[in-house]
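A.B. asks:
In this note's numbering, the protein residues as written are 316 to 767.
1. For residue 520 versus residue 471, is the C-beta distance shorter than 9 angstroms?
2. Given a cut-off of 9 angstroms on the beta-carbon distance, is the pair residue 676 and residue 721 in contact?
3. Under DSSP, the alpha helix (DSSP H) around residue 469 begins and ends at which residues?
4. Return yes when the Cβ of residue 641 is within less than 9 angstroms of the Cβ of residue 603, no when it is not.
5. Just the C-alpha distance for residue 374 and residue 342, rounded to the nearest angstrom, thanks.
6. Which residues bound the alpha helix (DSSP H) around residue 396?
7. Under the three-state reduction of DSSP, which class applies to residue 696: helix, strand or coil?
8. Near residue 433, what residues of its chain come up, given a Cβ to Cβ distance below 8 angstroms and the 5 sequence neighbours on each side ignored?
9. Who are the Cβ neighbours of residue 737 in its own chain at under 7 angstroms, not counting the five residues just before and after it?
10. Consult DSSP for residue 659 and reduce its assignment to one of helix, strand or coil.
11. Between the C-alpha atoms of residue 572 and residue 537, what's the straight-line distance to the nearest angstrom?
12. Alpha carbon to alpha carbon, what distance is there between residue 725 and residue 565?
13. Enumerate in chain order the residues of its own chain whose CB-to-CB distance from residue 394 is below 6 angstroms, with the five nearest sequence positions on each side excluded.
14. So is residue 651 buried or exposed if we call it buried at 16+ other beta carbons inside 10 Å?
15. On a CA-only basis, which of 422, 551, 542 is nearest residue 522? Give me that one, please.
16. What's the gap between the Cα of residue 646 and the Cα of residue 547?
17. Might you give, ordered along the chain, the residues of its own chain that have their beta carbon closer than 6 angstroms to the beta carbon of residue 511, omitting 5 neighbours on each side?
18. Using a Cβ-Cβ cutoff of less than 6 angstroms, which residues in the same chain neighbour residue 428 once the five nearest sequence positions on both sides are dropped?
19. Would you report the Cα separation of residue 418 and residue 704, rounded to the nearest angstrom?
20. Checking 9 angstroms against the spacing of the C-beta atoms, do residue 779 and residue 657 come in under that value?
21. Do residue 589 and residue 633 count as a contact pair if the criterion is CB distance below 9 angstroms?
22. In or out: residue 497 buried (at least 16 other Cβ within 10 Å) or exposed?
23. Identify every run of the beta strand (DSSP E) within the region 625-684, keeping only runs that are complete inside it and at least 3 residues long; order them along the chain.
24. According to DSSP, is residue 602 part of a helix, a strand, or is it coil?
25. Counting along the chain, where does the alpha helix (DSSP H) carrying residue 536 start and finish?
26. Drop a sphere of 10 angstroms on the beta-carbon of residue 406, count the other beta-carbons inside from all chains shown, and report buried for 16 or more, exposed for fewer.
27. Inspect the beta-carbon positions of residue 392 and residue 367 and report whether they are closer than 9 angstroms.
28. Using the Cα positions of residue 415 and residue 624, report the straight-line distance between them to the nearest angstrom.
29. Could you tell me which of 696, 356, 684 sits nearest to residue 659, measuring between CA atoms?
30. Report yes if the C-beta distance between residue 404 and residue 465 is below 9 angstroms; otherwise report no.
31. When the Cα atoms are used, what is the spatial distance from residue 477 to residue 753?
32. Just to confirm before moving on: does the CB-CB distance between residue 345 and residue 384 stay below 9 angstroms?
33. Just checking my contact of residue 382 with residue 338 at CB under 8 angstroms: how many whole Å lie between their CB atoms?
34. For the alpha helix (DSSP H) holding residue 440, just list the boundary residues, first then last.
35. Flag this pair as yes or no: are the beta carbons of residue 755 and residue 715 separated by less than 9 angstroms?
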């Protein structure tokens, strides 16, 4: 079948019969390309470069089926690499300008699938492909096209340079407006995903909070679509950077809804919700009261410390650090078995988990009984190991912070000294990180006082 395609790639305009054979060959290949196995076969047979040549052939009938095949194959990483090598993104962008909804859908969908790659993401901008994507947002009646276009905008928004261009054309306002009307889930997922990238910029966060965007997003937290929940909580968490923003989130019952997502049996949802929740609690004016009003939700926090997923564990540790700022709430958490639950996680080589676990242990020392309890639970030696083995400076910072808090207990000091804490702490006393200097100095001072 690919031989038909190969022959047609060099057709002259008068070769109508061969062209017709090739056309039906392409149609058949299009139907077959919906199978993952067949996509791999097309790749192995060298089909992507041949299809690329057909995109540039004078036979206009070929465009839609060829793009249909390419947008199917674009979901395969190997095919994405060939698409990039063959410079087919240029053809995708060129065909976005053609007034054919189906062709535009396939081109936008191909960009959606390929633009997760930074090089492709930047290339779309350089080829001036962002502007036609923005223009196509006006075709709200065609939901397939809208899903493809919003998907392409989402993936292209991973580049701050692209977001700057989207800002020039008020794209965020257009995306928020899409949330106000009924949209299928695939459109909502993509819009929320794009907004999650947009709000990495402070000016865009402010616009979401001040306008109707936050209310519309929080309403989506009741949706069962788990990818949508991940994307929406990412936006909510990114916007929860100050008291005023958290107050708006709370006004629409956003904190409670985010907290409730911790019980969703999906690790991506749990982690995204926990990151958002930690941001809300850290930046709320009345954080302690918010936690008290949702006190039953503390059990969900403890339960998630049994998760097999390190990202979930790290995000939950971030929530615990935020809750621990209030002694009463920390006391409630501690009574639920917090210390042994955290201690069980200490023997990990995952630096992200190490960083947030160490911070949680340090913050939880705000409740005095926990200081000795952590030592008895065996967290000292793993924390010292973090200092020696990890190359992540944030792990050093929070492990030293935790050890400095734990150093108020004499038994903990003995364990630290035996584990060899003095050497790395002495090194950290010369760090450019002033807080790390302070943590290290405090720990070493306590050891010296005990020895004297």
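By construction, the Cβ of each residue, glycine as well, lies at the ideal position given by its N, Cα and C atoms.
C.D. replies: Reading off the structure:
1. no
2. yes
3. 458-471
4. yes
5. 14 angstroms
6. 392-400
7. helix
8. 473, 474
9. 759, 762
10. coil
11. 8 angstroms
12. 43 angstroms
13. 358, 363, 388
14. exposed
15. 551
16. 31 angstroms
17. 546, 549, 550
18. 389, 390
19. 54 angstroms
20. With the chain represented from 316 up to 767, any question about residue 779 goes unanswered, as that position is not in the structure.
21. yes
22. exposed
23. none
24. helix
25. No alpha helix (DSSP H) holds residue 536; DSSP gives it neither H nor E.
26. buried
27. no
28. 45 angstroms
29. 696
30. no
31. 41 angstroms
32. yes
33. Rounded, the Cβ-Cβ distance is 14 angstroms, inconsistent with contact.
34. 433-441
35. yes
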